[in-house]
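Residue numbering for the sequence shown is 0 to 113, as defined by numbering that gives the first Met the number 0.
All C-beta atoms in this analysis are idealised placements derived from N, C-alpha and C, irrespective of residue type, glycine included.
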Amino acid sequence: MRVFDHVGVPTDERRSGEMYVEATKVWVTDPAKDPRRIEYLRFEPDSPVAGPVRDLPHVAFQTDDLDREIEGAEILLGPFQPTPTLRVVFVRKDGAVFEFMENKAGTGADWFSA
0 MRVFDHVGVP
10 TDERRSGEMY
20 VEATKVWVTD
30 PAKDPRRIEY
40 LRFEPDSPVA
50 GPVRDLPHVA
60 FQTDDLDREI
70 EGAEILLGPF
80 QPTPTLRVVF
90 VRKDGAVFEF
100 MENKAGTGAD
110 WFSA
(Lines of atoms letter the chains of each structure in order from A and count residues from 1; the text may use other names and numbers.)
(Lines give C-alpha, C1' and ligand atoms only; values in the text may rest on other atoms or scores of the structure.)
Protein backbone atom coordinates (compact mmCIF):
# COMPACT_ATOMS: atom_id res chain seq x y z
CA MET A 1 0.00 0.00 0.00
CA ARG A 2 1.21 3.51 -0.84
CA VAL A 3 -0.22 6.71 0.70
CA PHE A 4 0.67 10.31 -0.24
CA ASP A 5 2.52 12.05 2.59
CA HIS A 6 4.00 15.37 1.44
CA VAL A 7 5.86 17.47 -1.11
CA GLY A 8 9.43 18.32 -0.12
CA VAL A 9 10.80 21.74 -1.09
CA PRO A 10 14.46 22.71 -0.62
CA THR A 11 14.99 26.16 0.90
CA ASP A 12 17.77 28.24 2.41
CA GLU A 13 15.42 30.04 4.83
CA ARG A 14 15.00 29.05 8.49
CA ARG A 15 11.47 27.92 9.33
CA SER A 16 9.58 27.75 12.59
CA GLY A 17 9.46 24.26 14.09
CA GLU A 18 12.40 22.82 12.16
CA MET A 19 13.75 19.44 13.29
CA TYR A 20 17.34 18.33 12.66
CA VAL A 21 18.00 15.00 10.93
CA GLU A 22 21.55 14.02 11.87
CA ALA A 23 21.89 11.26 9.24
CA THR A 24 21.53 13.76 6.38
CA LYS A 25 22.47 17.02 8.15
CA VAL A 26 19.26 18.71 7.14
CA TRP A 27 16.64 20.77 8.96
CA VAL A 28 13.08 19.76 8.06
CA THR A 29 9.62 21.04 8.90
CA ASP A 30 6.68 18.80 9.74
CA PRO A 31 4.41 18.56 6.68
CA ALA A 32 1.51 17.48 8.91
CA LYS A 33 1.50 21.02 10.30
CA ASP A 34 1.34 22.65 6.87
CA PRO A 35 -2.10 22.96 5.22
CA ARG A 36 -0.53 22.10 1.84
CA ARG A 37 1.49 19.15 3.23
CA ILE A 38 4.78 20.87 2.34
CA GLU A 39 8.00 19.81 4.05
CA TYR A 40 10.74 22.44 3.81
CA LEU A 41 14.32 21.12 3.78
CA ARG A 42 17.29 23.33 4.73
CA PHE A 43 20.59 21.55 4.18
CA GLU A 44 23.74 22.20 6.21
CA PRO A 45 26.73 23.18 4.02
CA ASP A 46 28.45 19.88 4.90
CA SER A 47 25.36 17.73 4.30
CA PRO A 48 26.23 14.49 2.49
CA VAL A 49 23.11 14.96 0.38
CA ALA A 50 23.85 16.17 -3.15
CA GLY A 51 22.31 16.31 -6.58
CA PRO A 52 18.58 15.99 -7.23
CA VAL A 53 17.61 15.22 -3.62
CA ARG A 54 19.20 18.48 -2.47
CA ASP A 55 18.33 20.60 -5.48
CA LEU A 56 14.85 19.52 -6.61
CA PRO A 57 11.43 19.17 -4.97
CA HIS A 58 10.21 15.65 -4.27
CA VAL A 59 6.92 13.87 -3.73
CA ALA A 60 6.81 11.58 -0.69
CA PHE A 61 4.72 8.51 0.02
CA GLN A 62 4.37 6.27 3.05
CA THR A 63 4.56 2.61 2.10
CA ASP A 64 4.24 -0.72 3.85
CA ASP A 65 7.03 -2.25 1.70
CA LEU A 66 10.07 -0.07 1.07
CA ASP A 67 11.92 -2.87 -0.70
CA ARG A 68 9.15 -3.20 -3.29
CA GLU A 69 9.24 0.54 -3.98
CA ILE A 70 12.95 0.57 -4.82
CA GLU A 71 12.84 -2.35 -7.25
CA GLY A 72 13.96 -1.08 -10.66
CA ALA A 73 14.35 2.51 -9.45
CA GLU A 74 17.50 4.62 -9.49
CA ILE A 75 18.40 5.04 -5.82
CA LEU A 76 19.57 8.57 -5.06
CA LEU A 77 19.90 8.34 -1.26
CA GLY A 78 19.45 5.56 1.26
CA PRO A 79 17.81 3.58 2.47
CA PHE A 80 18.59 5.15 5.84
CA GLN A 81 16.87 5.23 9.22
CA PRO A 82 16.31 8.75 10.67
CA THR A 83 14.34 7.36 13.64
CA PRO A 84 14.15 3.90 15.23
CA THR A 85 10.82 3.17 13.51
CA LEU A 86 11.37 4.80 10.10
CA ARG A 87 13.25 3.71 6.95
CA VAL A 88 13.57 6.22 4.11
CA VAL A 89 14.83 6.12 0.53
CA PHE A 90 14.95 8.71 -2.25
CA VAL A 91 14.69 7.47 -5.82
CA ARG A 92 14.35 8.81 -9.32
CA LYS A 93 11.46 7.43 -11.37
CA ASP A 94 10.18 8.84 -14.66
CA GLY A 95 12.55 11.81 -14.35
CA ALA A 96 11.21 12.94 -10.96
CA VAL A 97 12.44 12.57 -7.36
CA PHE A 98 10.34 10.50 -4.95
CA GLU A 99 10.75 9.73 -1.26
CA PHE A 100 9.38 6.49 0.16
CA MET A 101 8.99 6.02 3.91
CA GLU A 102 8.29 2.77 5.71
CA ASN A 103 7.19 3.36 9.29
CA LYS A 104 7.09 0.40 11.68
CA ALA A 105 4.47 2.37 13.61
CA GLY A 106 2.21 1.91 10.57
CA THR A 107 1.27 3.75 7.40
CA GLY A 108 -0.22 7.09 8.33
CA ALA A 109 1.84 7.42 11.53
CA ASP A 110 3.57 10.76 12.08
CA TRP A 111 7.31 10.15 12.16
CA PHE A 112 7.96 13.59 13.69
CA SER A 113 6.50 12.32 16.94
CA ALA A 114 8.38 9.00 16.75
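Between residue 60 and residue 89 a beta carbon distance of about 12 Å is seen, past the 8 Å cut, so the two are scored as non-contacting. Judged by DSSP in its simplified three-state form, residue 65 adopts helix. Residue 17 holds the alpha-carbon nearest to the alpha-carbon of residue 33 among 25, 42, 17 and 46.
Separation of residue 8 and residue 96 (C-alpha to C-alpha, rounded to the nearest whole angstrom) is 11 Å.
In the DSSP secondary-structure assignment, residue 38 is bridged to 7. Buried is the label assigned to residue 27, since at least 16 other Cβ atoms lie within 10 Å of its Cβ.
When secondary structure is reduced to three states using DSSP, residue 49 falls in the coil class, being assigned neither helix nor strand. A residue is called buried once 16 or more other Cβ atoms fall within 10 Å of its Cβ, and residue 43, having fewer, is exposed. Taking residue 68 as the centre and dropping the five residues before and after it, the same chain places the C-beta of 62 and 99 closer than 6 Å to its C-beta, in chain order. Sorting 48, 46, 21 and 15 by C-alpha distance to the C-alpha of residue 38 places 15 at the top.
Under the criterion of beta carbons closer than 8 Å, residue 65 and residue 101 qualify as touching, at roughly 4 Å. Here residue 77 is buried, its C-beta having at least 16 other C-beta atoms within 10 Å.
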